[in-house]
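Going by this note's numbering, the first residue of the sequence shown is number 14, and it counts up by one from there. C-beta: ideal position from N, C-alpha, C; glycine also.
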Amino acid sequence: MHKRVLFLDRDGIIVEEMQVDTLEKIQYIPGVFGALSRLRRAGSWYFAMVSNQDGVGTPSFPKETFEIPHQRILETLRGEGITFDAEHIDFSLPEDNCPGRKPKIGMLGEYKEQNYDLEHSVMIGDRLTDIQLAKNLGCKAIWFVNPKQASELPEEFKDVCIYVNDNWDAIASFLLDEDNLAPRVATIDRKTKETQISLVLNLDGSGRGSVQTHIPFFDHMLDQVLRHSGCNIELHAHGDLVVDEHHTVEDVGIALGQAFAAALGDKRGISRYGFELLTMDEVLAQVALDFSGRPYFQWNVEFKREYIGTFPTEMVEHFFKSFSDSAKCNLSMQVNEGNAHHQAEALFKAFARALRQAIHRNPYSMELPSTKGVL
Ligand SMILES: [Mg+2]
14 MHKRVLFLDR
24 DGIIVEEMQV
34 DTLEKIQYIP
44 GVFGALSRLR
54 RAGSWYFAMV
64 SNQDGVGTPS
74 FPKETFEIPH
84 QRILETLRGE
94 GITFDAEHID
104 FSLPEDNCPG
114 RKPKIGMLGE
124 YKEQNYDLEH
134 SVMIGDRLTD
144 IQLAKNLGCK
154 AIWFVNPKQA
164 SELPEEFKDV
174 CIYVNDNWDA
184 IASFLLDEDN
194 LAPRVATIDR
204 KTKETQISLV
214 LNLDGSGRGS
224 VQTHIPFFDH
234 MLDQVLRHSG
244 CNIELHAHGD
254 LVVDEHHTVE
264 DVGIALGQAF
274 AAALGDKRGI
284 SRYGFELLTM
294 DEVLAQVALD
304 FSGRPYFQWN
314 VEFKREYIGT
324 FPTEMVEHFF
334 KSFSDSAKCN
344 LSMQVNEGNA
354 HHQAEALFKA
364 FARALRQAIH
374 RNPYSMELPS
384 TKGVL
């Protein structure tokens with residue numbers, strides 16, 4: 014049987030790119046364990062590490078200072094079921110011009126033999142020399158960089174490089190042809206004269222991330238969305254707070270709505286509807302949400318106070334309205350009278366729980382939850 018080979022660079026895709034000559038310098042790339050174990054378990058790939066380690070054996074990088082962290086990396090990967098069938102590591106320096114140094118293929122002669130299926134083999138690396146190696150060898154390549162850099166790929170590599178991504182989950186799904194398990198992510202960079210917002214959203218997360226808008230009460234509320242929606246969110250907003258909170262709150266609502274709409278994509282396999290009844294001391298909040306593709310906002314809330322701390326209560330409504338508009342979802346919210354802090358917090362939590370239900374995806378279904386055929 015012809016084996017398909019997954020050629021794996023080490024620095025820049027498994028561990029962070031640097032001269033790893035102490036245990037402290039081992040820093041794993043996020044997602045590498047889960048993705049490589051999925052690929053390993055699939056059983057269809059022969060794993061070969063191909064790495065240049067410049068000048069190992071010279072006084073500035075003695076052999077043992079390479080070996081100790083390298084063995085630790087292999088041992089940690091092995092613990093997750095990730096083993097390598099072969100290792101090809103070149104210790105020379107660029108000026109030595111060694112035939113085994115990437116992108117040259119002096120070490121990889123065995124793969125040219127008949128029992129390997131090079132045409133369907135893939136090299137994963139973070140440098141263009143890795144892509145060049147794939148070209149020299151006659152296999153395909155995945156360039157492990159931010160997809161935004163795809164346009165920087167030189168013309169000569171266009172037919173060799175089959176995918177550009179630095180998200181390990183996405184790469185594993187791509188190689189295993191499991192699009193329905195690929196992470197649903199969106200990145201928003203939004204700059205206006207009033208605000209600058211950077212946002213990374215992963216719908217298939219575990220409630221990790223951080224939120225910073227420089228408005229303490231708003232951060233506290235968005236933290237509820239982060240924890241209770243199950244999404245991973247990295248949100249940083251710098252707004253014209255010297256004017257007031259208005260632009261920042263509104264633009265964060267818009268950006269968050271845009272990110273959900275983008276990450277949901279064509280909405281295949283999702284629940285679409287979400288609802289939550291949530292109590293918090295004396296208040297009872299009720300939120301229903303439908304990712305229908307049409308914005309509609311129902312607000313049945315009365316705050317007895319104008320401010321919670323320094324945060325104007327009218328901005329709670331404005332945030333949710335902005336979200337509903339840009340996510341193109343139907344959002345219905347109500348809460349009974351009570352302490353204004355409790356009212357707001359219960360609404361944010363119920364919103365997050367409703368989101369969690371609505372975005373839930375059945376990975377075995379590619380059905381669109383609509384009789385119209387489009388959402
Ligand atoms: Mg590298």
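Inset, instruction - Can you tell me which of Glu358, Arg285, Tyr124 puts its alpha carbon nearest to the alpha carbon of alanine 340? - result: Arg285
Inset, instruction - Would you check whether ligand 1 has a heavy atom nearer than 8 Å to the C-beta of glycine 222? - result: no
Inset, instruction - May I have the straight-line CA-CA distance separating alanine 272 from glycine 278, to the nearest angstrom? - result: Whole-angstrom Cα-Cα distance: 10 Å.
Legend entry - Chain-order list of residues whose beta-carbon lies under 8 Å from that of histidine 15 (same chain, five-residue window excluded): Gln127, Asn128, Tyr129, Asp130
Legend entry - Exposure of glycine 109, with buried meaning 16 or more beta-carbon neighbours within 10 Å: In the sequence on display, residue 109 carries aspartate and not glycine. Under this definition aspartate 109 is an exposed residue.
Inset, instruction - Determine the DSSP secondary structure at serine 378, reduced to helix, strand or coil. - result: coil
Inset, instruction - Report whether the distance from the Cβ of aspartate 22 to the nearest heavy atom of ligand 1 is below 8 Å. - result: yes
Inset, instruction - For aspartate 103, count neighbouring Cβ atoms within 10 angstroms of its own Cβ and tell me buried if that reaches 16, exposed if not. - result: buried
Inset, instruction - Leaving aside the five residues before and after valine 28 along the sequence, list all residues of the same chain whose C-beta is less than 7 Å from its C-beta, in chain order. - result: Ile39, Gln40, Tyr41, Ile42, Ile86
Inset, instruction - Consult DSSP for isoleucine 267 and reduce its assignment to one of helix, strand or coil. - result: helix
Inset, instruction - Leaving out five residues on either side along the sequence, give the residues of the same chain with a beta carbon under 6 Å from the beta carbon of phenylalanine 316. - result: Thr326, Ala353
Inset, instruction - Leaving out five residues on either side along the sequence, give the residues of the same chain with a beta carbon under 8 Å from the beta carbon of valine 314. - result: Same-chain partners within the cutoff: Val329, Glu330, Met346, Gln347, Val348, Gln356, Leu360.
Legend entry - Alpha carbon of arginine 318 to alpha carbon of phenylalanine 332, nearest angstrom: A direct Cα-Cα distance of roughly 17 Å separates arginine 318 from phenylalanine 332.
Inset, instruction - Confirm, please, whether the CB-CB distance from leucine 216 to arginine 240 is below 9 Å. - result: Not closer than 9 Å, so no.
Legend entry - beta-carbon arginine 285 near ligand 1 non-hydrogen atom, thresh 8 Å: Outside the cutoff, so no.
Inset, instruction - Along the alpha helix (DSSP H) that carries arginine 54, what are the first and last residues, could you check? - result: Annotation: the continuous alpha helix (DSSP H) that includes arginine 54 extends over 45 to 55.
Legend entry - Nearest neighbour of lysine 280, chosen from Arg140, Pro382, Gly322, Asn180 [CA to CA]: Pro382
Inset, instruction - Indicate, with yes or no, if ligand 1 has a heavy atom lying under 8 Å from the CB of glycine 92. - result: no
Inset, instruction - May I have a chain-ordered list of the alpha helix (DSSP H) segments no shorter than 4 residues that lie completely inside the region 46 to 117? - result: 76 to 92
Inset, instruction - Put valine 33 into one of helix, strand or coil per three-state DSSP. - result: DSSP, read as helix, strand or coil, puts valine 33 in coil.
Inset, instruction - Examine ligand 1 and report whether any of its heavy atoms sits within less than 8 Å of the Cβ of glycine 138. - result: yes
Inset, instruction - Go to serine 345, then tell me how far its beta strand (DSSP E) extends in each direction, as first and last residue. - result: 343 to 348
Legend entry - glutamate 207 - DSSP class collapsed to helix/strand/coil: coil
Inset, instruction - Keeping to the same chain, check which residues put their C-beta closer than 6 Å to that of serine 211; ignore five residues upstream and five downstream. - result: Asp202, His249
Inset, instruction - Return the CA-CA distance between lysine 171 and arginine 91, expressed in angstroms with no decimal places. - result: 34 Å
Inset, instruction - Kindly list the residues whose CB is nearer than 7 Å to the CB of glutamine 158, restricted to its own chain and excluding five residues on each side of it in sequence; keep chain order. - result: In the sequence as displayed, the identity of residue 158 is valine instead of glutamine. If we look at valine 158 and ignore the five residues flanking it on each side, its Cβ neighbours are Asp139, Val177, Asp179.
Legend entry - Where lysine 16 falls: helix, strand or coil (DSSP): strand
Legend entry - Counted within 10 angstroms of its Cβ, other Cβ atoms place threonine 71 as buried (16 or more) or exposed: exposed
Inset, instruction - In angstroms with no decimal places, state the Cα-to-Cα distance between glutamate 93 and phenylalanine 46. - result: 7 Å
Inset, instruction - Compare the Cα-Cα distances from lysine 35 to each of Lys76, Phe20, Val135 and report the closest residue. - result: The sequence as given places threonine at residue 35; lysine does not occur at that position. The option with the nearest alpha carbon to threonine 35 is Lys76.
Legend entry - Heavy atom of ligand 1 within 8 Å of aspartate 190 beta-carbon: no
Legend entry - N-terminal and C-terminal residue of the alpha helix (DSSP H) that aspartate 182 is part of: 181 to 188
Legend entry - ligand 1 heavy atom lying under 8 Å from the CB of isoleucine 26: Checking every heavy atom of ligand 1 against the Cβ of isoleucine 26, one is found closer than 8 Å.
Legend entry - Backbone secondary structure at valine 329 - three-state DSSP: helix
Legend entry - Integer Cβ distance of leucine 302 from alanine 371, believed to fall under 8 Å: 5 Å
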